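Residue numbers (my numbering), protein chains in the order written: chain A, -13 to 126; chain B, -13 to 126; chain C, -13 to 126; chain D, -13 to 126.
First comes the structure, then the notes that go with it.
Laid out in structure tokens, this is it:
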């Protein structure tokens, strides 16, 4: 069984608002960084940039939801556990759980569709991606 | 009946990614700008900054969900229709619908809790806020 | 003589750091928004996005400098006075001065080069742009 | 002689604009991340957040300048060489040089003043900071 993938984020002063915690709008951005990092980690360093420009595969988001349970601060590294929870014919759903010092800060679900990037048209998940993704799917 | 509140956002080059559309993580940020703008519009120009620092009222987010139906670009102003859909004792939920040139680009639901800001403890919605908010509640 | 161009920015909670002022890295971003706004205002609403994608003219930055004299906060609209200070054969320099409630918060100088966007090669300023820009040049 | 300090940044899709390179306003933000990282690396993990909130020392920026010589992309890690070039009584200047795959992408100079954070008043560099910083000063 594959080890859990965690993407580390160094939260800093500039991410925080006057309440001294990471500004809410930074949290979806962190989760997206983690999902991009998941692609990099499982596809030879190729994230969305390489997928789109080199492989002509886009994965635009169609839906996201997040629950926030504990503030994110610069006191600890933000560890973002990231894994696919569902792979449809033309879509993929990821879970991201952000933790600091072992405390769950947020959890979210993010659904993307596969596209032919330069045509902005949906397509089925490319088989070589499906082969890598399927064994990594876990329940949310 | 109150006119619908729309917060306009000038989407620009710097908001866009190589797919030539606003980067997904910008969209929750836009929606939050619109919610902050809703507070400003209904409370004498006082947004989160003034609420927190002058009135000691925080409204941290506990949940958000968004669906993306059409890309956001710099071609048109992003009009963010924003209104409360529910006011609980200690929480408030907003709907935000972003449109460009009449086309729905995203819709979302955002739930915040009222806090005593300097204590980071939850509180009931202050009565003077409740008085303004209640007549503005609409179904999502 | 042309009236001064000012681009207004609604600074909000999310722009601020725990010192309760706009985070330093937001200030170059605001200045760039103002320069993009200057292009929009003087070229029929066409900012960098339309220049690059529709007209194949890029204006990448080669240099910027900024001095910060007073904190930027959400207490007042940030008015960004923006004007060209120099138009070379292949480059343009802008001054941006950000003020809140009449107080100078920052001033900066920003130099861009004209490029053929899809070739990423420098070019002379297009004549139709030069015709609009030249009368607007002022000393910094 | 101290080894050069380099702060690595994983540039991604979301940092890039439609020209497929990191948006200009991201570059000062990267440089600031690197300077914050320099403080963390030389002061037991304490960056601006801990300096301000735990030690009551602020270092707001008064000036920055940057030159951009080559585009930043997600193709390589952005290595930000960061070091102090001058320590005055009440101010400190940093150089940051961003390189990808050995190519210089930008270089900049950033001057901060030391403040008593909660009073927002300038102060001399605290002696325990001066002791660490002085041996690390290099010509720009």
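Glycine included, each C-beta is placed from N, C-alpha and C at the ideal position.
These figures come from a predicted structure and were not determined experimentally.
Determine, for residue i, whether the minimum Cβ-Cβ distance to residues of chain C falls below 9 Å.
i	result
residue 34 of chain B	yes
residue 70 of chain D	no
List the residues of chain B that residue i touches, going by C-beta distances under 9 Å, in chain order.
i	result
residue 11 of chain D	0
What does residue i reach in chain C if we use C-beta pairs closer than 9 Å?
i	result
residue 19 of chain B	-4, -2 and 0
For the alpha helix (DSSP H) containing residue i, list its first residue and its last residue.
i	result
residue 19 of chain D	12 to 28
residue 39 of chain A	34 to 40
Strictly below 7 Å CB to CB, what residues from chain A border residue i?
i	result
residue 116 of chain C	Residues of chain A passing the Cβ test: none, with the nearest at roughly 33 Å.
residue 128 of chain D	Look at the range of chain D in this structure, -13 to 126, and you will see that residue 128 of chain D is not part of it.
Compare the C-beta of residue i with all C-beta atoms of chain D and state if any pair is closer than 9 Å.
i	result
residue 47 of chain C	yes
residue 80 of chain C	no
residue 106 of chain C	yes
residue 57 of chain C	yes
residue 124 of chain B	no
Give a yes or no on whether the minimum CB-CB distance between residue i and chain B is below 9 Å.
i	result
residue 39 of chain A	yes
residue 14 of chain A	yes
Whole angstroms is fine: what's the gap from residue i's alpha carbon to residue j's?
i	j	result
residue 59 of chain B	residue 93 of chain D	31 Å
residue 84 of chain D	residue 126 of chain B	47 Å
residue 48 of chain B	residue 55 of chain A	7 Å
residue 31 of chain C	residue -2 of chain B	11 Å
residue 106 of chain C	residue 103 of chain D	45 Å
residue 78 of chain D	residue 97 of chain D	6 Å
residue 10 of chain D	residue 120 of chain B	44 Å
residue 123 of chain B	residue 112 of chain B	16 Å
residue 6 of chain B	residue 110 of chain D	48 Å
residue 114 of chain A	residue 29 of chain A	10 Å
residue 62 of chain B	residue 19 of chain A	27 Å
residue 117 of chain C	residue 0 of chain B	26 Å
residue 90 of chain C	residue 50 of chain D	17 Å
residue 44 of chain C	residue 82 of chain C	20 Å
residue 42 of chain D	residue 108 of chain D	12 Å
residue 40 of chain C	residue 33 of chain D	44 Å
residue 12 of chain A	residue 12 of chain C	14 Å
residue 73 of chain B	residue 88 of chain B	28 Å
residue 8 of chain A	residue 86 of chain A	12 Å
residue 76 of chain B	residue 101 of chain B	8 Å
Looking at residue i: is its Cβ nearer than 9 Å to the Cβ of residue j?
i	j	result
residue 14 of chain C	residue 99 of chain C	no
residue 80 of chain A	residue 21 of chain A	yes
residue -9 of chain A	residue 17 of chain A	no
residue 38 of chain C	residue 57 of chain D	no
residue 71 of chain A	residue 24 of chain A	no
residue 65 of chain B	residue 95 of chain B	no
residue 2 of chain A	residue 35 of chain D	yes
Starting from residue i, find everything on chain C with Cβ-Cβ shorter than 7 Å and list it in chain order.
i	result
residue 60 of chain B	33 and 35
Can you pull the chain C residues whose beta carbon is under 8 Å from the beta carbon of residue i, in chain order?
i	result
residue 6 of chain A	4
Over the uninterrupted beta strand (DSSP E) stretch that includes residue i, give me the two end residues.
i	result
residue 85 of chain D	77 to 86
residue 113 of chain B	No beta strand (DSSP E) holds residue 113 of chain B; the alpha helix (DSSP H) holding it covers 113 to 119.
residue -7 of chain A	-8 to -5
residue 99 of chain C	89 to 99
residue 49 of chain C	47 to 54
residue 69 of chain C	64 to 73
At a CB-CB cut-off below 9 Å, which residues of chain D make contact with residue i?
i	result
residue 54 of chain C	46, 47, 48, 49 and 50
Looking at the C-beta of residue i, does it have a partner C-beta in chain A at a distance below 9 Å?
i	result
residue 103 of chain B	yes
residue 27 of chain D	no
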